[in-house]
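This report refers to the structure that appears directly beneath it.
2 protein chains.
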Amino acid sequence: MGWLPDETGLGKVPANYTPLTPLSFLKRAVEVYPDHLAVAYGSHRVDYRAYAARVSRLASALAGRGIQPGDVVATLLPNIPAHAEAHFGVPAAGAVLNAINTRLDAGTVAYIFAHGGAKLALVDSEVIEVAEAALVEMEGPGPVLIEVVDAEAGCIASGRHTTYDALLAEGAPDAPWIMPEDEWESIALNYTSGTTGRPKGVVYHHRGAYLNAMGQVLSWRMVLNPVYLTIVPLFHCNGWCHTWMMPVVGGTLVCCREIRAKPIFDAIAEEGVTHFGGAPIVLNTLINAPEAERRAFPQVVEVFTAGAPPAPSTLAKIEPMGFNVTHVYGLTETYGPGTECTWQAKWDGTAGAARADLKARQGVAMPFLEHVTVMDDRMVEVPHDGETKGEIMFRGNGVMKGYYKNPEATEESFAGGYFHSGDIAILEEDGYIRIADRAKDIIISGGENISSVEVEGVLMGHDAVSLCAVVAKPDETWGEVPCAFVELKTGAEAEEAELIAFVRGQLAGFKTPKKVVFGELPKTSTGKIQKFQLRAQAKEM
Amino acid sequence: MGWLPDETGLGKVPANYTPLTPLSFLKRAVEVYPDHLAVAYGSHRVDYRAYAARVSRLASALAGRGIQPGDVVATLLPNIPAHAEAHFGVPAAGAVLNAINTRLDAGTVAYIFAHGGAKLALVDSEVIEVAEAALVEMEGPGPVLIEVVDAEAGCIASGRHTTYDALLAEGAPDAPWIMPEDEWESIALNYTSGTTGRPKGVVYHHRGAYLNAMGQVLSWRMVLNPVYLTIVPLFHCNGWCHTWMMPVVGGTLVCCREIRAKPIFDAIAEEGVTHFGGAPIVLNTLINAPEAERRAFPQVVEVFTAGAPPAPSTLAKIEPMGFNVTHVYGLTETYGPGTECTWQAKWDGTAGAARADLKARQGVAMPFLEHVTVMDDRMVEVPHDGETKGEIMFRGNGVMKGYYKNPEATEESFAGGYFHSGDIAILEEDGYIRIADRAKDIIISGGENISSVEVEGVLMGHDAVSLCAVVAKPDETWGEVPCAFVELKTGAEAEEAELIAFVRGQLAGFKTPKKVVFGELPKTSTGKIQKFQLRAQAKEM
Chain H
10 MGWLPDETGL GKVPANYTPL TPLSFLKRAV EVYPDHLAVA YGSHRVDYRA YAARVSRLAS
70 ALAGRGIQPG DVVATLLPNI PAHAEAHFGV PAAGAVLNAI NTRLDAGTVA YIFAHGGAKL
130 ALVDSEVIEV AEAALVEMEG PGPVLIEVVD AEAGCIASGR HTTYDALLAE GAPDAPWIMP
190 EDEWESIALN YTSGTTGRPK GVVYHHRGAY LNAMGQVLSW RMVLNPVYLT IVPLFHCNGW
250 CHTWMMPVVG GTLVCCREIR AKPIFDAIAE EGVTHFGGAP IVLNTLINAP EAERRAFPQV
310 VEVFTAGAPP APSTLAKIEP MGFNVTHVYG LTETYGPGTE CTWQAKWDGT AGAARADLKA
370 RQGVAMPFLE HVTVMDDRMV EVPHDGETKG EIMFRGNGVM KGYYKNPEAT EESFAGGYFH
430 SGDIAILEED GYIRIADRAK DIIISGGENI SSVEVEGVLM GHDAVSLCAV VAKPDETWGE
490 VPCAFVELKT GAEAEEAELI AFVRGQLAGF KTPKKVVFGE LPKTSTGKIQ KFQLRAQAKE
550 M
Chain W
10 MGWLPDETGL GKVPANYTPL TPLSFLKRAV EVYPDHLAVA YGSHRVDYRA YAARVSRLAS
70 ALAGRGIQPG DVVATLLPNI PAHAEAHFGV PAAGAVLNAI NTRLDAGTVA YIFAHGGAKL
130 ALVDSEVIEV AEAALVEMEG PGPVLIEVVD AEAGCIASGR HTTYDALLAE GAPDAPWIMP
190 EDEWESIALN YTSGTTGRPK GVVYHHRGAY LNAMGQVLSW RMVLNPVYLT IVPLFHCNGW
250 CHTWMMPVVG GTLVCCREIR AKPIFDAIAE EGVTHFGGAP IVLNTLINAP EAERRAFPQV
310 VEVFTAGAPP APSTLAKIEP MGFNVTHVYG LTETYGPGTE CTWQAKWDGT AGAARADLKA
370 RQGVAMPFLE HVTVMDDRMV EVPHDGETKG EIMFRGNGVM KGYYKNPEAT EESFAGGYFH
430 SGDIAILEED GYIRIADRAK DIIISGGENI SSVEVEGVLM GHDAVSLCAV VAKPDETWGE
490 VPCAFVELKT GAEAEEAELI AFVRGQLAGF KTPKKVVFGE LPKTSTGKIQ KFQLRAQAKE
550 M
């Protein structure tokens, strides 16, 4: 330990110690870039001074509404300015941000409201009815709903709730922020589908949010004043921490409500977008855009892509269009991206399939992680042979605090001193990770995680279903879609369309099986369903 | 405070918490950039794998020599590979690096050896005699000397000490490193001249070294794989933390023993240098280089300059030569640069004197500092009026732990929750800091701090001197040089050359007055010497 023989007077004092928090980035941006464009969304264009003032209004209005430090404030919002403001305003009230997937069904939202204990929720007009339905389903008290009315998108207030604008008017533009006293304090609570049907609440701390944001600047070749387009939903690992990152580099956050080719090309051409993140499906959307929606632009746009490896054909087509794609990989538990397929100078000469093959790998640890590798069951790193499979393991400051109200799951996931990703991979000779298979039964559709167990649970509720298994079926548009294999009860009958409609009545559309196959399921001698056989079958369809 | 109502199982464990340390950067670089050129110095060219192996050798050899965690290991070295290795190898042994200015006299070195308590010192052949003389002057035990023989520079071993190469041979290339268990552990001890004659020992921690390095990457528009030239001495705030920074960006450290135009131009042209830091005098050296020493190069070299504001004429001449200069400002107490004159997009159109005037300012807080501003005596920020003077104050993770074995000075410097720089400045309308005057009697000559009090102390030891004051005299080459004003004792006589020689016998050459003026000193009614009058007089010479 590096303690000097005499450490008298060398302790932490206000002059030399500040808990790490992304709130510091925004405070500094007000000093350094006060009149630089901070957030752009149609006619909404605010500089850093105004952005911070809106954050102060939100924080103080929340306090005025009784939100105390440690309380949870939820959002059900697309990527609009209010959502970015919540990323700072909620922590600035000392509260914890619970950004909820806007595509979830009312039942799951009710579960998250109850489990997370949100006291207040900011809800977009388009999903206000889902939130209202969730409140009806809840047994205990639910959050107060504040309706965010997106006039840019033509939304009209329901008239049933206080609006976000009215809430901001209750606050003060110069109200002080509640800064963390300990950087381990919680900043966000993000629900993710795991191996069980119910989502788990992943807790982030201020320290991790700060370090992830700083570290990704390095990984992403980002210099001062980038222009960032919000494609990754802010309810996904807080948009990979990118909203928190922008102020430290004096960047501009360009909001994007709808992920379609036209608004993306428009933003790149008109706002000068330099960076965005998104699943490979977003790249395919741009590649397949009709000529009329395309725009010319002079810059090279740096793209982080995750959710699935970018396909060689995607890379081959998107890069000449003015995009440089870096494959990143991570989980909600790692604040989003935790590895990056860092480009090596020695690869500069490669092209075509060889280049795509290099770029499709999951890569190496980002700077804020201490160690990411692939290990066998005894927690020993597998050889760098491109063959031996193991589980991807994470260790470092970019790993979550744990699962909320679930110390058993937390302990299990951190066994042996590493976070167990559940993803099966090999190590290439150069140490780069390449995913071979997913150990957990997660289907990733359009960048969204779907728990097959959850879908199976719903299907099993149908009177005719005896047994079922849901696996991923490769899909050109979505990457993967759920595919159900069903054994019917003896004598019972059901049609594919009927089962799909049955699930659709209870789950979000993206979770609904796109294909149902009837027949006996392959099982092991102990009766365990052999999903790998079903995956192979789904792949061949 | 953002603690959730139930934080059970959400604490720090090895999977999610790693103490911040620059050692992590090098560990990661071995994984990510194993065969990338890490250190270049003439024929010495090692990649990250070999660099880390040499660091492991050093750390384990130090341990073999009895160096324990918390022990101090000193260096008296120019910017050669051994010095870079010491920046990682000494902390990797759990020890604290005490990099000592190679231009100091034996008496001051003896003081630092004794005060810092170094157990071992790595010493360059060119200054081995100074270290030996320091040992002779010491009353207690001094450090074991290890001689670093720089064959590239034609140095020859004295034969009186173990050599660095022999020391490395004692270590193991795969020895594990001692990582900090607490990021507040000390990593470096840097002596700086303050208002008193004796230097104070500024202590850095692993956390600060990590955050400063990360933050400067952002400030410096640094993307992956930069090529950094070591002009700032590594004994100056550990070379502004830049040696620690390189591995996180997979950079190459190009060592430079002699700060002359030819080797600098050669490194830029041959190694493709992209970044260096240095005092404005270095820029003048390049500007005034003879044609034969200049080299053409295609890249724009990003330069951090500090020690004095870059002069308009310097900026006007250096920028068209292929350099982009950013003025930074800081002190040993802030790990080197703590503010940067961040360029604003809105200034893009400015040129000439207006551009130079903007660029000469001390600027705004770097990302790792929470707040840097100018305050009056009551610790209230001065108005942004470009007129009202106050003291520059620093607060945040880029401020030292404190002064070693000097809790009184530490407490005083941190009064009111900010580090008091001692530098007097104004705040411009846009919040940028501009230094107006230096409150402490520090003369900055060629980037070196000289305590006028120390020089005065020596002069006062001369039999003929009654009273004296040493102030900065502006100098084209060195920025400032010491100028002495002397009142002789009644009837006593002394010549200028005699007094200069007298000081030279006791202090390093750069501390010696270049001019001595005899006469009565201006004093206040209470007898305090009015140095501002002498400064004005020196300025007019």
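For the record, the sequence lines run as chains H and W. The first sequence maps to residues 10 to 550 in our numbering. The second sequence maps to residues 10 to 550 in our numbering. Heads up, the beta-carbon is just placed ideally off N, CA and C, and yes, glycines get one too.
Problem - Whether D56 of chain H touches I89 of chain H by CB criterion (9 Å) - result: Counted from its first residue, the first sequence places residue 56 of chain H at position 47. Counted from its first residue, the first sequence places residue 89 of chain H at position 80. No, Cβ-Cβ distance for D56 of chain H and I89 of chain H is not below 9 Å.
Handout entry: chain A contacts made by the region 244-276 of chain H, where a contact means CB separation under 9 Å
Key = Given the protein chain composition of this structure (H and W), no chain A is represented.
Problem - Alpha-carbon to alpha-carbon, S460 of chain W and T419 of chain W - result: As a first step, residue 419 of chain W is located in the second sequence; it is residue number 410 there, counting from the start. As a first step, residue 460 of chain W is located in the second sequence; it is residue number 451 there, counting from the start. Each residue's alpha carbon lies about 19 Å from the other.
Exercise for the section: Tell me, please, which residues DSSP counts as bridged to V312 of chain H. Expected result: The count along the first sequence starts at 1 and reaches residue 312 of chain H at position 303. According to DSSP, V312 of chain H bridges with H:F285, H:V334.
Exercise for the section: Specify the secondary structure class of V241 of chain H as computed by DSSP and reduced to three states. Expected result: Counting from 1 along the first sequence, the entry for residue 241 of chain H is found at position 232. Coil, per DSSP.
Exercise for the section: Answer with yes or no whether the minimum CB distance from T204 of chain H to chain W is below 9 Å. Expected result: What you label residue 204 of chain H is simply residue 195 of the first sequence in a count that begins at 1. Its pLDDT being 46, under 50, T204 of chain H is placed unreliably in this model, and the value from its coordinates should be taken loosely. Cβ-Cβ to chain W under 9 Å: no for T204 of chain H.
Exercise for the section: State yes or no: is the C-beta of E146 of chain H within less than 9 Å of the C-beta of G116 of chain H? Expected result: Counting from one through the first sequence, the residue named residue 146 of chain H turns up at place 137. Counting from one through the first sequence, the residue named residue 116 of chain H turns up at place 107. For E146 of chain H and G116 of chain H, yes; Cβs fall inside 9 Å.
Handout entry: Buried versus exposed call for A24 of chain H [16 or more other C-beta atoms within 10 Å across all chains shown]
Key = Looking up residue 24 of chain H in the first sequence gives position 15. Buried.
Exercise for the section: Over the uninterrupted beta strand (DSSP E) stretch that includes L508 of chain H, give me the two end residues. Expected result: In the first sequence, the residue the question calls residue 508 of chain H occupies position 499. Counting along the chain, L508 of chain H falls outside any beta strand (DSSP E), though it belongs to the alpha helix (DSSP H) covering 505-513.
Problem - For L131 of chain H, the residue or residues it bridges with in DSSP - result: On the first sequence, position 122 is the one that residue 131 of chain H refers to. Note: L131 of chain H sits in a beta bridge opposite H:T84, H:I155.
Practice task
Locate the alpha helix (DSSP H) running through D366 of chain W, then write down its first and last residues.
Solution key: Counting from one through the second sequence, the residue named residue 366 of chain W turns up at place 357. D366 of chain W -> alpha helix (DSSP H) spans 361-368.
Problem - Contact with chain W by D432 of chain H, beta-carbon distance below 9 Å - result: Numbered from its first residue, the first sequence carries residue 432 of chain H at position 423. With 9 Å as the cut-off, D432 of chain H does not count as an interface residue toward chain W.
Practice task
With distances taken Cα to Cα, identify the nearest neighbour of A5 of chain W among W:V22, W:G79, W:G98.
Solution key: Since the displayed chain W opens at 10 and closes at 550, residue 5 of chain W lies outside it and no answer follows.
Practice task
Within its chain, find whatever has a CB closer than 6 Å to the CB of V257 of chain H; leave out the 5 residues flanking it on each side and keep chain order.
Solution key: As a first step, residue 257 of chain H is located in the first sequence; it is residue number 248 there, counting from the start. The residues are F34.
Exercise for the section: Leaving out five residues on either side along the sequence, give the residues of the same chain with a beta carbon under 8 Å from the beta carbon of G75 of chain W. Expected result: Looking up residue 75 of chain W in the second sequence gives position 66. Counting only Cβ-Cβ distances below 8 Å, and skipping sequence neighbours, we find K128.
Exercise for the section: Determine the direct distance from the alpha carbon of I187 of chain H to that of S65 of chain H, and round the result to whole angstroms. Expected result: Stepping through the first sequence from its first residue, residue 65 of chain H is reached at position 56. Stepping through the first sequence from its first residue, residue 187 of chain H is reached at position 178. So the two alpha carbons sit approximately 10 Å from each other.
Exercise for the section: For the region 428-444 of chain H and the region 467-485 of chain H, state whether three or more C-beta atom pairs, one from each stretch, are separated by less than 8 Å. Expected result: no
Practice task
Give the DSSP-derived three-state secondary structure of P90 of chain W in the structure shown.
Solution key: Taking the second sequence and counting its residues from 1, one reaches residue 90 of chain W at position 81. Looking at P90 of chain W - three-state DSSP - the assignment turns out to be helix.
Exercise for the section: Anything in chain W within Cβ reach of E190 of chain H, meaning under 7 Å, just list it in chain order. Expected result: The residue labelled residue 190 of chain H in the question sits at position 181 within the first sequence. The contacting residues are M10.
Handout entry: Classification of V525 of chain W by the beta-carbon crowding that lies within 10 angstroms, buried from 16 upward
Key = For the purposes of this step, residue 525 of chain W is identified with residue 516 of the second sequence, where counting begins at 1. That one is buried.
Exercise for the section: Under the assumption that F285 of chain H contacts Y344 of chain H (Cβ atoms under 8 Å), give the Cβ distance between them as a whole number of angstroms. Expected result: The sequence position of residue 285 of chain H within the first sequence is 276, counting from 1. The sequence position of residue 344 of chain H within the first sequence is 335, counting from 1. The pair is not a contact, with the Cβ atoms about 18 Å apart (cut-off 8 Å).
Practice task
Count the CB pairs spanning the region 339-359 of chain H and the region 392-410 of chain H that are closer than 8 Å, and state whether there are at least three.
Solution key: yes
Handout entry: Delimiting residues of the beta strand (DSSP E) encompassing N107 of chain W
Key = Locating residue 107 of chain W in the second sequence gives position 98, where the first residue counts as 1. Here the beta strand (DSSP E) through N107 of chain W covers 105-108.
Exercise for the section: May I have the straight-line CA-CA distance separating K498 of chain H from G528 of chain H, to the nearest angstrom? Expected result: One-based indexing of the first sequence puts residue 498 of chain H at position 489. One-based indexing of the first sequence puts residue 528 of chain H at position 519. One C-alpha to the other measures close to 11 Å.
Problem - Cβ-based neighbour list, I538 of chain W, same chain, cut-off 8 Å, excluding 5 preceding and 5 following - result: For the purposes of this step, residue 538 of chain W is taken as residue 529 along the second sequence, with counting starting at 1. If we look at I538 of chain W and ignore the five residues flanking it on each side, its Cβ neighbours are L476, A478, L530, P531, K532.
Handout entry: Segment limits, beta strand (DSSP E) that includes N199 of chain W
Key = Position 190 of the second sequence, counted from the first residue, corresponds to residue 199 of chain W. Here the beta strand (DSSP E) through N199 of chain W covers 195-201.
Practice task
Please work out which residues of its chain come closer than 8 Å, Cβ to Cβ, to Y219 of chain W, disregarding the five sequence neighbours upstream and downstream, and give them in chain order.
Solution key: Counting from 1 along the second sequence, the entry for residue 219 of chain W is found at position 210. Excluding positions up to five away in sequence, the list reads L29, T30, P31, S33, F34, E192, W253.
Problem - chain H contact residues for A354 of chain W, given Cβ-Cβ distances below 8 Å - result: Position 345 of the second sequence holds residue 354 of chain W. Within 8 Å Cβ-Cβ: H45, N234.
Problem - Given K326 of chain W as reference, the closest of W:R54, W:E135, W:R364 once Cα atoms are compared - result: Taking the first residue of the second sequence as 1, we reach residue 326 of chain W at position 317. With distances taken between Cα atoms, K326 of chain W lies closest to W:R364.
Exercise for the section: Would you tell me roughly how many angstroms separate the C-alpha atoms of D414 of chain W and A369 of chain H, rounded to the nearest one? Expected result: Residue numbering aside, residue 414 of chain W sits at position 405 when the second sequence is read from its first letter. Residue numbering aside, residue 369 of chain H sits at position 360 when the first sequence is read from its first letter. Just to set this straight, residue 414 of chain W is Lys in the shown sequence, not Asp. Rounded to whole angstroms, K414 of chain W to A369 of chain H spans 54 Å at the Cα level.
Problem - Short Cβ contact (9 Å threshold) for Q308 of chain H with I277 of chain H - result: Your numbering for residue 308 of chain H matches position 299 in the first sequence. Your numbering for residue 277 of chain H matches position 268 in the first sequence. Yes, the pair counts as a contact, with Cβ atoms nearer than the cut-off.
Handout entry: K482 of chain W, enclosing beta strand (DSSP E) - first and last residue
Key = Mapped onto the second sequence, residue 482 of chain W falls at position 473. Note, K482 of chain W: beta strand (DSSP E), 474-484.
Handout entry: DSSP state of R303 of chain H mapped onto helix, strand, coil
Key = Walking along the first sequence from the start, residue 303 of chain H turns up at place 294. R303 of chain H: coil per DSSP, three-state reduction.
Practice task
Taking only runs that begin and end inside the region 392-463 of chain W, name each unbroken alpha helix (DSSP H) of 4 or more residues, in chain order.
Solution key: 416-422
Handout entry: Check whether A298 of chain W and T314 of chain W have beta carbons under 9 Å apart
Key = Here the question's residue 298 of chain W lines up with position 289 in the second sequence. Here the question's residue 314 of chain W lines up with position 305 in the second sequence. Against a cut-off of 9 Å, the Cβ pair of T314 of chain W and A298 of chain W comes out as no contact.
Exercise for the section: Could you check how far apart the C-beta atoms of I451 of chain H and S202 of chain H are, in whole angstroms? I think they sit under 8 Å. Expected result: Taking the first residue of the first sequence as 1, we reach residue 451 of chain H at position 442. Taking the first residue of the first sequence as 1, we reach residue 202 of chain H at position 193. Confirmed, about 7 Å.
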